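Residue numbers (my numbering), protein chains in the order written: chain B, 213 to 458; chain W, 944 to 1165.
Following this line, the structure appears as C-alpha cells:
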C-alpha cells in the first residue's frame, strides 16, 4: 500500500496538490487561534494570563511526539524496504520535530518560571521531553556524519526505530519521583467530550493544534520536495552541484 | 577481529589479551573513573554529609561514562572481517561485547561499591545489593555501546558521536539504577528498580547483538 505512494514523481504531484491547502488551513487556523487565544479566551482562575502560553505549549508537545512517531515510521520503512522516499521523508521530518520539541521545552520553561517558581524541575514529563530533544539532536548528528549520505540515513533510521522504546520507558521510570507536571486535560476522546476545561479554552487550543500540525506538515512536504529535486539535479551530474557535495 | 576458524574461546582469549595487555583498557577505565570521581568530589565539595547523599549516584553515573572509554575498540580493528567469518555474526558481536565488558566495565562495577563503602560507610549498609545493580548495569551499557558503535561505524568522527547516541539511550537504565542506589541508602525498597534493570539487561542481551549484526550487514551493502 505504501509503495504506491513511494514514487518520487507521484509524491511530487500529491505534494503540489496538498501544499496550498495546508498553507491556507495553517494560516487561517493559526491566525484565528492566536486572536482567540490572546484576546477572546478567558484567563484561568488559577494561572490567570499565563494560561495563554498553553495554546502553543500543548500543541508543540503533541507535535514533538507525533513527529517522532513519523520519524520512527519512516525509519522502519527505510530499514525494511530501503526505499529512497522514506529516506527523504526522514531527513525532512527530523529538524521539524527537533524545533517542535525545543519550542515545547522553551514555552514550558517560560510558563514554569511564574507558575512553579522555577525554570526547570526534573520530573517525568520534562525529563522525557528533554531526552526526546537529545534523541532528535543525535539523529541530526548521525544523518550528516558519513561521507555517503545513504549510510547516514540508514543509521538514523535504525536509531529512530530503536529510540521509540526509550520515550515511554523514560516517562514511566521517573514516575516514582514526585511529579509536579499536571495530568493532561485532554487525555482521551472521553475527556474531549467531557473535558476538564471550558469550551472557550478548548476552542483556541484545538485551533492552534490544527494550525501548527498543518504548518509542520507543509514544511515537511516542502523539505521533502526540495530533497527530491536536489537529488534529481545531482543525478543529472551538474558538475558544480557534485563538487559542492563532495 | 581476525577471520579465522579458530575455536571461539581461543578467539575470545586473543581479543581479551589485546584489550587488556596491549591496549590496557582495564587500567584506563579504572583510572578514568578515579580521576573523574576526584574532579566531581572537588567540584561539589568534600563535606561528609554532601558525599553521603551524592556519592552513590555519582559512582553510578560515572560507571556509564567510564564504559565509553572502551567502546571505540568494541568492534575490533577490522570489523569487516567479522562479516566473512564462518561463525554467526550475532554470536561474534555478542562475544565482542562480552570481552569489552570484562576488560573494563565489569572490574569497575565490582570496584565502585567498595570505593563507596570506603568513602561513605554510613550510606552503604550492604555491598551485595550495590553489586546487584552495578554488574548488570555495566553489561547493559556495553550492549548499548555495541549498538552505538555499529551505528557510527564508518562515520567521519565516530567516537564523540557514539557518546551522543549511547548516553541518551542509556538514560532509562541510569534512572532505574539510581532509584535502586538511592533507595538502598534510605533503607527503602531497592529491589523493584533493580529487577527492572535486570529485565532490561536480559532483554538487551537477547535483542541487541542480532540488531547490531543486521545493521553491520546493511552498512556493508549500502
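C-beta: ideal position from N, C-alpha, C; glycine also.
Just so it is clear, the structure is predicted and the values come from calculations on it, not from any experiment.
Problem set entry | Meets three-Cβ-pair contact criterion under 8 angstroms: the region 299-309 of chain B and the region 230-250 of chain B | As far as the Cβ criterion goes, the region 299-309 of chain B does not touch the region 230-250 of chain B, which means the pair count is below three.
Exercise. Residue 985 of chain W: buried (16+ other C-beta within 10 angstroms of its C-beta) or exposed?
Worked result: exposed
For this session: Please confirm if residue 1105 of chain W has its CB atom under 8 angstroms from at least one CB of chain B.
Result: no
Problem set entry | Stretch-stretch touch, CB-based, cutoff 8 angstroms, three pairs: the region 1044-1052 of chain W with the region 1075-1086 of chain W | yes
For this session: Determine whether the Cβ of residue 1099 of chain W lies closer than 8 angstroms to any Cβ atom of chain B.
Result: yes
Problem set entry | chain W contacts made by the region 254-276 of chain B, where a contact means CB separation under 9 angstroms | Here the close residues number zero.
Exercise. Counting contacts by CB-CB distance shorter than 8 angstroms, is residue 306 of chain B in contact with chain W?
Worked result: no
For this session: Just tell me which of W/998, W/1121, W/959 and W/956 has its CA closest to the CA of residue 1140 of chain W.
Result: W/1121
For this session: If I'm right that residue 364 of chain B touches residue 355 of chain B with Cβ under 8 angstroms, what's the distance once you round it to whole angstroms?
Result: 5 angstroms
Exercise. If we ignore side chains and look at the alpha-carbon of each, how far apart do residue 233 of chain B and residue 326 of chain B end up?
Worked result: 38 angstroms
Problem set entry | C-beta neighbour in chain C for residue 341 of chain B, strict 8 angstroms | Absence of chain C from the displayed structure is noted, the protein chains being B and W.
For this session: Tell me whether the beta-carbon of residue 998 of chain W lies closer than 8 angstroms to the beta-carbon of residue 1062 of chain W.
Result: yes
Exercise. Taking buried to mean at least 16 other C-beta atoms within 10 Å of its own C-beta, is residue 359 of chain B buried or exposed?
Worked result: exposed
Problem set entry | residue 1022 of chain W beta carbon less than 8 angstroms from that of residue 1159 of chain W | yes
Exercise. Which ranges does the beta strand (DSSP E) cover as unbroken runs of at least 3 residues, wholly within the region 1018-1072 of chain W, from first to last along the chain?
Worked result: none
Problem set entry | When W/1144, W/1067, W/1020 and W/1030 are compared against residue 1131 of chain W, the one with the closest alpha-carbon | W/1067
Exercise. From what residue to what residue does the alpha helix (DSSP H) around residue 340 of chain B run?
Worked result: First-last of the alpha helix (DSSP H) with residue 340 of chain B: 336-355.
Exercise. How many whole angstroms separate the CB atoms of residue 460 of chain B and residue 411 of chain B, which I take to be in contact at a CB cut-off of 8 angstroms?
Worked result: Look at the range of chain B in this structure, 213 to 458, and you will see that residue 460 of chain B is not part of it.
Exercise. From what residue to what residue does the alpha helix (DSSP H) around residue 915 of chain W run?
Worked result: Coverage of chain W is limited to positions 944 through 1165, which leaves residue 915 of chain W absent and any answer about it impossible.
Exercise. CA-CA distance, residue 252 of chain B and residue 422 of chain B?
Worked result: 18 angstroms
Exercise. What is the DSSP secondary structure of residue 253 of chain B, counted as helix, strand or coil?
Worked result: coil
Problem set entry | Residues near residue 348 of chain B by beta carbon distance below 7 angstroms, same chain, minus five either side | 306, 309, 310 and 313.
For this session: Label residue 1105 of chain W either buried or exposed according to how many other C-beta atoms from any shown protein chain fall within 10 Å of its C-beta, with 16 as the threshold for buried.
Result: buried
Exercise. Whose CA, out of B/300, B/444 and B/276, lies closest to the CA of residue 286 of chain B?
Worked result: Relative to residue 286 of chain B, the option among B/300, B/444 and B/276 whose CA is nearest is B/300.
For this session: Let me know if residue 1149 of chain W comes out buried or exposed under the rule of 16 or more other beta-carbons within 10 Å of its beta-carbon.
Result: With fewer than 16 Cβ atoms within 10 Å of its Cβ, residue 1149 of chain W is classed as exposed.
Exercise. So, is the C-beta of residue 1094 of chain W closer than 8 angstroms to a C-beta in chain B?
Worked result: yes
Problem set entry | Selection from W/1085, W/1088, W/1055 and W/1087 that minimises the alpha carbon distance to residue 1072 of chain W | W/1055
Exercise. Going along chain W in order, which residues have a C-beta closer than 9 angstroms to the C-beta of residue 420 of chain B?
Worked result: The premise fails here: residue 420 of chain B is roughly 29 angstroms from chain W at the closest Cβ pair, so nothing lies under 9 angstroms.
Exercise. Which residue's Cα is closest to the Cα of residue 303 of chain B: B/222, B/228, B/438 and B/332?
Worked result: B/438
Exercise. Are residue 1124 of chain W and residue 1000 of chain W close, meaning C-beta to C-beta below 8 angstroms?
Worked result: yes
Exercise. Counting Cβ pairs, one atom from each stretch, are 3 or more of them under 8 angstroms apart for the region 1108-1120 of chain W and the region 1086-1095 of chain W?
Worked result: yes
Exercise. What does DSSP give as the partner residues of residue 260 of chain B in its beta bridges?
Worked result: B/256
For this session: Evaluate the contact criterion for the region 368-385 of chain B versus the region 315-329 of chain B: three or more CB pairs, one atom per stretch, below 8 angstroms.
Result: no
Exercise. So which residues on chain B does residue 1090 of chain W lean against when the C-beta distance must stay under 8 angstroms?
Worked result: 374
Exercise. Anyone know if the C-beta pair for residue 1013 of chain W and residue 963 of chain W falls short of 8 angstroms?
Worked result: no
For this session: Taking only the alpha-carbon atoms, compute the straight-line gap between residue 344 of chain B and residue 379 of chain B and give it to the nearest angstrom.
Result: Residue 344 of chain B and residue 379 of chain B: Cα-Cα distance of roughly 7 angstroms.
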